[in-house]
Each structure stands twice: as structure tokens, then as C-alpha cells.
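Here is the structure we will look at, set down as C-alpha cells.
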Amino acid sequence: MKNKVNKITLIYICIAILVAFSSLKFLHFVTNDGNFILTHSIRDLILIIFSAVVLRYFLNNNFNLNYRRYLGLELSNNEIREAKERYDIVAKATSDTIWDWNITTREFEWSKGIEEVFGYAREDVGTDAQWWFDRIHPQDSIKMSVKLYSFLEQKTQKWQDEYRFKCKDGSYKFVLDRGFLVMDDQGTPVRMIGAMQDITQRKEEERRLKLLETVITNTNDGVVITDSDASEVRIPKILFVNEAFTRMTGYEYTEAVGKSPLNFFGEKSNKPEIDRLAGCVAQKIACEIETVAYKKNGDTFWLRLSMIPNFNSEGEHTHWISMQRDITERKRQEKEKEQLITELTQNNKDLRQFSYITSHNLRAPLSNLTGLLRILEDIPIENAELTLILDGFRKSTHHLNETVADLGRVVIIRDNPSIEKQDIVIRESWANVTSQIDRIIENAQAMLNFKVEGSGVLHINKAYFESILLNLLTNAIKYRSQERPPQIDVFFSEDEEAVRLVFRDNGIGIDVEKYKEKIFGLYQRFHNYPDSKGLGLYLVKSQIESMGGSIEIESELDKGTQFTIQFTKSY
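If you're matching positions, the sequence shown starts at 0 in numbering that gives the first Met the number 0 and goes up one per residue.
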């Protein structure tokens, strides 16, 4: 603001001199008196100078007063501008959306936050309070409106509430809304200014923490939180324990907080494991141990304890979180299991030895009986009853001899899990098996369909493989239907992973639902055949499993049975 006092004063003097000079000219024309004109000229000049000084004084005072007012206004404007800039920056930093509600006219103004936070374009934003209320979540609208108008009725200056506000894309954000009420001289609310803050992330975090609190409170495992300072004790002091910890140890919350978990260990605790835990704490790495711990009443129990370090967003170690579980029952079961395994191992060893002894000791008497029966075959016996008895005795001896031989094979298979294998041609093994029982096949009038796909070579134990085929083939003939000729289909296939054998017959079948748990059991018989020993399928399964294979059965009464055998290529 420029000072124009001197300029105005100079203009005034020039104008006054011009007026005075014109007056003198007029007087000189009228009076023609030189002395009179000179006197008037001097007087006018003095008057002009004096009035100019007075004018300049008042002008200068007025200018100084206006200049001070100007400086005050400019300072106020600068302060207002700076405050607005600070306000805009703070509003952006705090995600605040400022609103100004003229209660009298119901006009509403929004800051830029309505665009930046909620996605509305400037033309989308309404200018009345109804636009605001329409975007409050329906479940929050009534509650929030009642509280707001109750606040206006009570004429309290400060108001705040939490509700959900609709965004441009249709989603909702949780907001914390704070308002300040402005009233006129009569105390009537005329204006309300507020700041709406987006607290969606905080609400989600609160919900997550509430869920975690529920889990921690209701879990059956003890949860212990300790601080990170291990300078006084090797395992830091406890800050929090849940109710499960109290139930487990008997220590109340107030009794546990401030103590180190080391206080719950004692003489029977595993010291090396505790030292290992302390070492992990020193290195700030997770650790899990199992040791004996002590309850408040002195009782001991087995405890599985894990400690996990917790770091904040800046990578600073802040706490240890410990999960603790009472594993006393599990330890008891493990001890019983170990004892049971020891006993079973010894029993299996004794049974295997008994099987060897039984098999060996029975062979000599059976050989003698077989020899005597052969001698008796050459002696003519006229007594029909005695002949019948000898035939029965001969059959029983033969059956017993086969049973002892089968038991011997089972013992050998179970006692020798690792067997020699070789590449065999499947067709040759099949021909070898069928040639051994060609008369049985012929007498039964059985129709055999044999098919091989692929290389036809299998890496396996030849004796076991041919024994499997022999057992399945003789069983299919033995348990054939009397109403139709027996038909046996044998199909071999292979892919990149396995070789499969499908063995299918049309015999009398097995009730799989009834015997599904016993089909491959030892001494299991499913039909009333006098020469059935109940060893065949058990022997087949044992031989297959000893070579790393598997067997499955599908069967239906009076329709037939299908066995599917699979050997993986790795074997």
C-alpha cells in the first residue's frame, strides 16, 4: 500500500496557488493597487502553506490508520490461508472428509475428501443433508439419525458417532464422524461442522483381534505371552496367560503374570531340553520342547511347549508367544504302545520259532505215515470197512501234509520280506502252470482265455508268481458252478507306472459284503467244501505283498469273482 499524502498535498498547494493567483488578477483589475495585491498575495500564500500542512497532517494520520488496518487484514488473510493449507494437509493425512451443514437452509458442503476417500465426483455430490442421510447404511441410518437429532435437541456442542457410509462403487466404509454445533445469540442451532474419518481398516483389525481373542480364550491349549527382555532370566517374564493355562497348571492369571516359565519346571523336568529352549530364546528363533512340568499343587504332567518370537512391522522383537499342551495321556499311550510293540515282537519271534519247529517236527511223522500208506496199498484187504477207514486216513494224511507245506511257505514269505526277482516271460509262466493241472482243467471242461498286452515281461519272483497263478486257477475250478461250464479269463496289461493282472471266473462267487474283512485272512473258509484249507488266498496276498504288489477282489454270489493284481514298475 503506497503513501500518497505528499502527492495529494502538492496537488492541493498547486490548486490553491492557482485559485489565489486568479483572485489576485481579478483584484488587480478592479483596484489597480499594487500594495494591496502584494499584501493579499503574501497572506494567501501563508494561508495556503498552513492549510497544506494541516491537510497533510490529517491525511498522513488517516493513511497510517488505514495502513495499519491493511496490515492487519493482510496478516489475517495470510493466517487464514496458512490455516486452510494446514487444514487441507491434515485432512489428507488423516483421511478426513470435512462437511459443513447449514441447518437453517439445509445446505451441505463437502471437502475434497468426499472424492478422494469415497470416490464421488464433484457433480455426484448433493448439496443438501438428504444426500448425506441417503448414503448411510440402512442398518445404521435409524440409529444414527435418532442420536443426531437428539443431540441437536439437547444443543450439546460436540457430537460423534460411528456408522457405515456408502462409496461410489456401492461398497461401504466404516467412518468415525465428529461434529461441532454452532448456535446463534438466542442459542438456536444454525450450523454444524464435522469431520468424517475412514476407520474401515481399524474396524477390520478390531474384528480380527476380537476373533483372535475368542480363539485364545476358548482354545484348549495354554497360551502364554512373555516380553522380549531376557536379561534378568533366561526365559522372559509372562505378560499374559489364558484360561486354558490356568486349568492346566492351577495358577491364576495374577499368579502367573510377572513370573518366568522357568518357575513351572522342577527336578523331574528335562534339563537339556530346557537349556535348548533358553538357547533358542537367546537367538530369537522358534523352538519346541517336551518335558515334565509342575502344577501349582506339585503334581507333574508332560508338557509340549513351543515358543515363537513376535516382531513388529519394523522388524523389532517385541514378544514371545508360547503354545502349551498337556500331553500326559499321549505319553502314556506311547509308553503302552512301545511295551505292546515289544511284546508283539517277542510273540512274533516265538510264533515264528514255533512254526519252524512244528513244521520241521511234523514232516518226519507225516513222511512215515505216507510211506506206510503206500505199503498198505500193495496189501490186499478184503474187509470193506477197513478199506474205507484206510481211504479216509490216507486223505487226511495227504491234507495234513499239504497244510504243513503251505504253513512252511507262509512262514518263509513272512520271514523273508526281501526276495530275489528276475525278468520272466508271462506266457511261459502261464503255460507252465496250466501244464501242471492239465488233467484237472480237462476234467472240469474249463474254458481258459488268456491275453497279454504290452511287452509281456515282468520283473518278479518266478516261483511266487507261478504259485499265485496256480492258486487262483485251482480255486476258480474248485469253486465252479454246477449249472454252467467254468470260464476263466486272464488279462495282463501295463502302462508307464504299473503292470496289472485281471483274473475273472464265472463260479459260485463270494459274499464280499459279509466277508470283506476276512477274505484274505488265515484259515478263512467261505464254502462248505471238505478239502478247503482256507490258506490259498492268504498265501496269494502274502506273496503279492512281499513283492510290493496289491490285490483287490470283486465278487457276486452265483455270478463269479474277479481279482485285480497290480505291481508297480519300481518293483
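Glycine included, each C-beta is placed from N, C-alpha and C at the ideal position.
Only exposed fits A120, as fewer than 16 other CB atoms lie within 10 angstroms of its CB. Residue state for N505 is assigned as coil, using DSSP reduced to three classes. Judged by DSSP secondary structure, R233 falls outside any beta strand (DSSP E); it is assigned neither H nor E. By the CB criterion at 8 Å, L302 and I326 fall inside the cutoff. In the three-state reduction of the DSSP assignment, V124 falls in the coil class, being assigned neither a helical nor a strand state.
Contact check for L261 and V280: beta-carbon distance about 11 Å, past the 8 Å limit, so the pair fails to qualify. Residue burial is scored here from C-beta neighbours: G548 has at least 16 other C-beta atoms within 10 angstroms and is therefore classed as buried.
The continuous alpha helix (DSSP H) containing C279 extends over residues K270 to Q282. Within the region 411 to 468, the runs of alpha helix (DSSP H) at least 4 residues long that lie entirely inside it are, in chain order, 425 to 435 and 437 to 443. Inclusion of G221 and K167 in the CB contact set at 8 Å is not warranted, their separation being larger than that value. The beta carbon of G535 lies closer than 7 Å to those of N470 and N474 in the same chain, with the five residues before and after it left out. Where R105 is concerned, there is no enclosing alpha helix (DSSP H), because DSSP gives it neither an H nor an E.
Counting only runs of 3+ residues, the beta strand (DSSP E) found wholly inside the region 107 to 183 occupies 157 to 165 and 171 to 182, in chain order. In the DSSP assignment, the residues bridged to I288 are L304.
T225 sits in a strand when the DSSP states are folded into three classes.
Under a 10 Å Cβ-count criterion, K111 is classified as exposed, with fewer than 16 other Cβ atoms of the shown protein chains found around its own Cβ.
Taken atom to atom, the span from the alpha-carbon of S545 to that of I459 is near 10 Å. Going by beta carbons, S554 and V511 fall inside the 8 Å limit. By the Cβ test, the region 135 to 145 is not in contact with the region 204 to 222, since fewer than three Cβ pairs between them sit closer than 8 Å. As the crow flies, the alpha-carbon of F107 is around 13 Å from that of A194. Annotation: the continuous alpha helix (DSSP H) that includes T213 extends over T199 to N217.
The closest CA to that of K558, considering only G506, S541, T567 and K540, is found on G506. Shown here, N241 sits in coil according to DSSP, grouped into three states, outside any helix or strand.
V498 is bridged by DSSP to E493 and F566.
Here the alpha carbons of I487 and Y478 stand approximately 12 Å from one another.
Contact check for F173 against K202 passes: the beta carbons are separated by less than 8 Å. Straight-line measurement puts the Cα of G391 at about 34 Å from the Cα of F562.
When A277, Q332 and R55 are compared, the shortest CA-CA separation from S230 is found for A277. The Cβ-Cβ distance between A285 and F263 does not fall below 8 Å. At the C-beta level, S268 and T290 come within 8 Å of one another. Comparing alpha-carbon positions, the option among I467, E496 and P484 lying closest to F502 turns out to be I467. Per DSSP, reduced to three states, the secondary structure at V539 is helical. Where E512 is concerned, the enclosing alpha helix (DSSP H) starts and stops at V511 to Y514. Note on geometry: alpha-carbon atoms of D183 and M191 lie some 12 Å from one another.
Taken atom to atom, the span from the alpha-carbon of E251 to that of I550 is near 58 Å. With respect to the C-alpha of I423, the residue from F150, E337, L457 and R438 having the closest C-alpha is L457.
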